[in-house]
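Here's the structure, in structure tokens; my notes come after.
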Amino acid sequence: MRHQLGYICFVLFLLFNSTFEQQEEKLALLQLRSSLGLRAKEWPIKGKPCSNWSGITCKNGRVTEINISDFKRTRTGNKNPQFLVDALQNLTFLETFNASNFALPGSIPEWFGIRLVFLQVLDLRFCSITGVIPSTLGNLNSLGTLYLSNNGLSGMAPSSLSQLSSLSVLDCSHNSLVGSIPASFGSLENLTLLDMSSNLLSGAIPPVIGTLSQLKFLNLSNNSLSSLIPSQLGDLSNLVDLDLSLNSLVGVVPNDLRGLRNLRRMTIGKNSLSGTLPRDLFVRLTQLQFLAIDHNNLCGSLPDVFWSMPRLRFLDASANNFIGTLSTLGSKANFPSAVFKLSQNMFYGNLPPVIRRFSFLDLSDNYFQGKVPKHGQSNASLNRNCLQTLESQRNTSECASFYNERGLIFDNFGVPNAMKPPALKSDKKSHKNVIILAAVLGGFGFIAIVVLIICCCKRGWMNQKVTGVEPVPTSASPGASLNFSSLGEAFNYQQILQITGEFSDANLIKHGHSGDLFRGMLEGGIHVVVKRIVKKEAYLLELDLFSKVSHSRVVPLLGHCLENENEMFVVYKYMLNGDLSSSLFRNTNSVDDSLQSLDWITRLKIAIGAAECLSYLHQECHPPLVHRDVQASSILLDDKFEVRLGSLNQVCAQEGDTHQNRISRLLRLPQTSEQGASGTPNATCAYDVYCFGKVLLELVTGKLGISASSDATMNKWLDKTLHCISIYDKELVTNIVDPSLTVDEDLLEEVWAMAIVSKSCLNPKPSRRPLMRYILKALENPLKVVREEHTSSERIATTGSQGSGQIAQGRHSFSTRRHSNEIFPEPLDAERIRDE
């Protein structure tokens, strides 16, 4: 009896003690809720943490995991957010703490490495953390995953982290760490991922990194690492992804890398690498899927081994000095889902016969000549070559000079002894039609001009009479009223030379419309882009734009330099993720064996960001500003894939009177052309909308080069693709969706909605395209575009600045039932002008 009574007392003691500890842990969690300003609906005071609290996981009644990723603070908590997590010290069994995407301004407490002895996963990505990485983290013997990326951490990476024998993932990327990579990291035998990219690290890559036999992902890009690539990296037989871009590494790629027989992904882009590519470097890399050697000074011919690598799905060898023909591409090349980028080299001769065997092939900015195979035009970018019957090619002198210098025969665009390229066939056929049309419409054109002049004069007179405002003189110099002190720092020429490494070829990013773009770094370690402008007028116009435009979605201007009349410079903040055209298929944070592209959430975020900026230019600036160069390469992306719109050298005020389109419609004048009289893009908001529609289609389909091309081949592809977009049939859009996207049913509806918005923007009639503010609203609420609310709608209407438009035109285009009116307001009756 005594034994039974003692046993009962012991059980009661355990139950009481367990209940007491659970109450202590609940109290600690409530203290954490209070210090972080979490909302009560996630952690209700009357609930049980282990039963119905969001982000809480328990084992045997004790809290082992806390996940507050993407939690929202209360209004009070948002006023003064801090890294206040002292209550975690009372959760002695905690194994996982995930606060990613939750702002924790402040430094990581030293006690993290002392009190949280059972911690296995620490995820503090995108938390706005500052200060240094505490050396005490090296005491967490059980820690297997450590994410500290995308913060403001400074100082040196502590060598004490090498004591974490269980560590498999170490990600300290996108911070401001300095110094060298600790050689002691070579003792992390279980490490599979090491990402120290986008910091301020310097010195050499420790050769001991080559001893990490389990390493699959190594990213040291965008630092200031120097010296040769250590040959010991060739011993990393399990490496999946190698990224050494954006450093100061020198010398040719070492032959020792041929030992990376299980390599899946390699990036050696944007360094100072020079010389030829070793022939036997990739022979044994039979598992290679991703290879980027872009933006170097590599020369010679491209190794033939690339065409026989069975798993290769992405190759970027652009912006080098490769030369030769691609005739050896041969019959073995068959990459139905691969993207190959070979632009900005010196390839010549006829096009390879197997273009159709690629998902997309970028051969632009080379010297290919001859005819283009009919089957090879829809999936290839061929701009700036010497090809016959294609638009946007190099001129005769440029092509002839290239071929003559090398003792090669130039076909002169298929017309021997001609002095200039032949006109396109379509131009010849339409020549007579143009003359006839000009004669017929000449009278109407004259009448239209007279009417417009009268309207403009009357409107200008009325404005002066009512407002008393004098018109702005059109001859005023754009720099006459510029306040340079408000346009960032005034650099001198010597500073510009130092920033850009004296304009070294290794720092050249590209040749832009108005000047060359160079990568550089300020003394404080801030990465910048320097644009060298030759024409003073273009320089002043660009600065004049920044003096009038202020928006978070515009690429930040950091300074300028005007010491002489011959060369002027503008300094911008460097965008870590480049532009949309180079980032769509480059997800460097993935250790998956297959090629990863940007996920749908990120693509939608990019679309919304670009729409915000264009909406600002079109609707909030007075007069409205037109970008005129909206394409994927103009949409710059920072370290968090936030949009910063660039390529601003063509921005100008919208031209013409707002009544012009209405008059032209009344006179039955077609408005399908996007070019002005000079052959340059029309300065109208509708032109921006059309170009933005192609960007949206690029995000949906994953087809590179859509927004950068307007040739006949691309127009045919657009017509074919738009037939797969219908407001009546969601499943139809699956025929064009990027196959690399993974989307569930809800996300598919968002993809469908974006496709519908894209089709609206691509309406051939400018007057029927939606305003950017409605496009923005639609992208912010995509499900309202395609889901019925109170009616069984059969179409979605939009209102454009030029008149009315429809996103989908079909059997019931004049139905009286309307859909999602708050997203796409109905056009006014006065604007419903039929222009068929």
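Under mature numbering (1 follows the signal peptide of the UniProt record, and there is no 0), residues -21 to -1, 1 to 815 are what the sequence shown spells out, in order.
Cβ coordinates follow ideal geometry from the N, Cα and C atoms, glycine included.
Pick out whichever of the options has its Cα sitting closest to the Cα of residue i.
| i | options | result |
| --- | --- | --- |
| S493 | F62, G189 and L627 | L627 |
| N299 | G117, Q473 and D484 | D484 |
| S147 | Y753, S166 and M554 | S166 |
| L387 | L199, F326, L132 and N694 | F326 |
| D49 | S138, D102 and K58 | D102 |
| D65 | K51, T55 and L83 | L83 |
| G131 | S138, H601, S152 and S306 | S152 |
| C37 | D150, Q1, N69 and N57 | Q1 |
| V736 | T721, G34 and V674 | V674 |
| L194 | N217, G182 and S200 | N217 |
| S224 | C740, S205 and G213 | S205 |
| A757 | G672, T713 and W696 | G672 |
| L15 | L67, T43 and S30 | L67 |
| G123 | Q142, P603, G110 and V42 | Q142 |
| N345 | T368, K320 and Q474 | K320 |
| V351 | T692, A183, R12 and P745 | T692 |
| L11 | C29, G26, I45 and I188 | I45 |
| residue 826 | P209, T581 and F72 | Lying before the first or after the last residue shown, residue 826 is absent from the chain, which here runs from -21 to 815. |
| L267 | D273, H274 and M245 | M245 |
Are the CB atoms of residue j and residue i within a distance shorter than 8 Å?
| i | j | result |
| --- | --- | --- |
| L762 | A734 | no |
| K738 | I704 | yes |
| L140 | L173 | no |
| I108 | G134 | no |
| E89 | T115 | yes |
| V508 | Y472 | no |
| S163 | N178 | no |
| L583 | L683 | no |
| C592 | L624 | yes |
| C631 | A590 | no |
| D717 | V764 | no |
| L466 | S526 | yes |
| P137 | I160 | no |
| R54 | L17 | no |
| Y669 | V605 | no |
| E609 | L616 | The question names Glu, but residue 609 is Val in the sequence shown. Not closer than 8 Å, so no. |
| S287 | V318 | no |
Could you spell out where the alpha helix (DSSP H) holding residue i opens and where it closes?
| i | result |
| --- | --- |
| N300 | First-last for N300: N300 to G303, but that is the beta strand (DSSP E), not the alpha helix (DSSP H). |
| V549 | Per DSSP, V549 belongs to no alpha helix (DSSP H); it is in the beta strand (DSSP E), M547 to K552. |
| N383 | T375 to E384 |
| N46 | No alpha helix (DSSP H) contains N46, which is instead part of the beta strand (DSSP E) from R41 to N46. |
| T55 | R54 to K58 |
| L173 | Here L173 belongs to no alpha helix (DSSP H); instead the beta strand (DSSP E) covers L172 to D174. |
Buried or exposed: which applies to residue i, given that a residue is buried once 16 or more other Cβ atoms fall within 10 Å of its Cβ?
| i | result |
| --- | --- |
| G588 | buried |
| V394 | exposed |
| I786 | Any reading at I786 must be qualified, since the residue scores a pLDDT of 37, below 50, and its modelled position is unreliable; no value is offered. |
| C365 | buried |
| E449 | Residue confidence is low: E449 scores 31 on pLDDT, short of 50, so the model does not pin down where it sits. Its coordinate-derived value is still stated next. That one is exposed. |
| H702 | exposed |
| L6 | exposed |
| E4 | buried |
| K510 | buried |
| R373 | buried |
| D808 | Here D808 scores only 31 on pLDDT, less than 50, and its place in the model should not be relied on; the value that follows carries that caveat. So D808 counts as exposed. |
| I24 | exposed |
| K411 | For K411, the pLDDT reaches just 49, beneath the cut-off of 50, and the residue's location in the model is therefore unreliable, although a value from the coordinates is still provided. By the 10 Å Cβ count, K411 comes out exposed. |
| S200 | buried |
| D295 | buried |
Over the uninterrupted beta strand (DSSP E) stretch that includes residue i, give me the two end residues.
| i | result |
| --- | --- |
| L536 | L536 to C540 |
| Y346 | Y346 to G349 |
| K489 | L487 to H490 |
| N198 | F196 to N198 |
| Y595 | It is not in any beta strand (DSSP E) - Y595 carries neither H nor E in the DSSP assignment. |
| S133 | G131 to S133 |
| L101 | V100 to D102 |
| G328 | M325 to G328 |
| I614 | I614 to L616 |
| N276 | N276 to G279 |
Closest Cβ-Cβ distance between residue i and chain D: below 8 Å?
| i | result |
| --- | --- |
| L215 | Among the chains of the structure shown, chain D does not appear; only one protein chain is present. |
Handout entry: Segments of 3+ residues assigned as beta strand (DSSP E) that fall wholly inside the region 656 to 718
Key = none
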